[in-house]
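Student: Just so you know, the protein sequences line up as chains A and B, in that order.
So for the first sequence, my numbering puts the first residue at 8; every next one is plus one.
So for the second sequence, my numbering puts the first residue at 8; every next one is plus one.
Number of protein chains: 2
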Amino acid sequence: MDDDRPFRIYSPESLGVAIKHYRHLSGLSQAELAERTGLNRTYLSSLEQGRETEQVRRLLRVLQELGVRMTLQKADW
Amino acid sequence: MDDDRPFRIYSPESLGVAIKHYRHLSGLSQAELAERTGLNRTYLSSLEQGRETEQVRRLLRVLQELGVRMTLQKADW
DNA sequence: GCGTATTGTCCGGATATCAGGACAGCCTAA
DNA sequence: TTAGGCTGTCCTGATATCCGGACAATACGC
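(1) Which of the three DSSP states, helix, strand or coil, is assigned to methionine 8 of chain A?
(2) According to a CB-to-CB cut-off of less than 9 angstroms, which residues of the region 22 to 51 of chain B neighbour chain A?
(3) What are the partner residues of leucine 54 of chain A, as DSSP defines its beta bridges?
(4) Please report whether the beta-carbon of methionine 8 of chain A lies at a distance below 8 angstroms from any beta-carbon of chain B.
(5) Just mark aspartate 9 of chain B as buried or exposed, buried being the case when its beta carbon has 16 or more other beta carbons within 10 Å.
(6) Answer with buried or exposed for glycine 45 of chain B, where buried requires no fewer than 16 other C-beta atoms within 10 angstroms of its C-beta.
(7) Hey, how far is the Cα of serine 21 of chain B from the Cα of alanine 38 of chain A?
(8) Which residues does DSSP list as the beta-bridge partners of lysine 81 of chain A?
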């Protein structure tokens, strides 16, 4: 259960990798996750591929300039 | 100096609050940060106000569904 | 008071993005 | 082999977004 090290997010690609990782942990398909979130499966696919770049890249640019690190981690309640 | 507790990001508003916090820590104005990042000051302002909602909201929806927590923290090298 | 810096907000036009549908490739099981 | 699930990718139209410029309000120091 302790594959629980946080993902450091530094690019759209690393964000995509992390999301895919956690989706697999949850045992969900893209279609199922799309259903639950009300999003399009096509969007989720491109998100995991790191193709939703502009918005994320902008945000990461800001954080990098401020010396701030973004991390994703399983929320163990 | 150890105001270094991570920000938990759960909404566009909390993201904005965190960014503004770290920008102030860096001693930068919106204009200066815009200059350094190549972004528009108007955009930074609305980002800090939590108005860049759709993209961020989508992403946070995915993470919430997967039980994943996003955090921002000063990168102490 | 005054002047200046900073920030929130509005507008308009150019652009990026998302949804929805579709198709093909890859596995895996029967 | 065939069938089905999963995923990556392309296309189109509708929409959200960003930039650039501008203005007003606020805060601060002098």
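Cβ atoms here follow ideal geometry from the backbone N, Cα and C, with glycine treated the same way.
Tutor: From the atom records:
(1) Mapped onto the first sequence, residue 8 of chain A falls at position 1. Confidence is the limiting factor: at methionine 8 of chain A the pLDDT is only 45, short of 50, which leaves the residue's position unreliable and the question unanswerable from this model.
(2) Leu22, Ala25, Ile26, Tyr29, Arg30, Leu32, Ser33, Leu35, Leu40, Arg43, Thr44, Gly45, Leu46, Tyr50 and Leu51
(3) Here residue 54 of chain A refers to the residue found at position 47 when the first sequence is read from its first residue. Answer is none; leucine 54 of chain A lacks a bridge partner.
(4) Taking the first residue of the first sequence as 1, we reach residue 8 of chain A at position 1. With a pLDDT of only 45 at methionine 8 of chain A, under the threshold of 50, the placement of this residue in the model should not be trusted; the figure read from the coordinates follows. No, no contact with chain B.
(5) Here residue 9 of chain B corresponds to residue number 2 of the second sequence, with the count starting at 1. Caution is warranted here: a pLDDT of 45 is assigned to aspartate 9 of chain B, below 50, making its placement in the model unreliable, and the coordinate value is therefore given only provisionally. Classification for aspartate 9 of chain B: exposed.
(6) Locating residue 45 of chain B in the second sequence gives position 38, where the first residue counts as 1. Under this definition glycine 45 of chain B is an exposed residue.
(7) As a position in the second sequence, residue 21 of chain B is number 14, starting the count at 1. As a position in the first sequence, residue 38 of chain A is number 31, starting the count at 1. For serine 21 of chain B and alanine 38 of chain A, the distance between alpha carbons rounds to 29 angstroms.
(8) Numbered from 1 along the first sequence, position 74 holds the residue referred to as residue 81 of chain A. According to DSSP, lysine 81 of chain A bridges with B:Val75.
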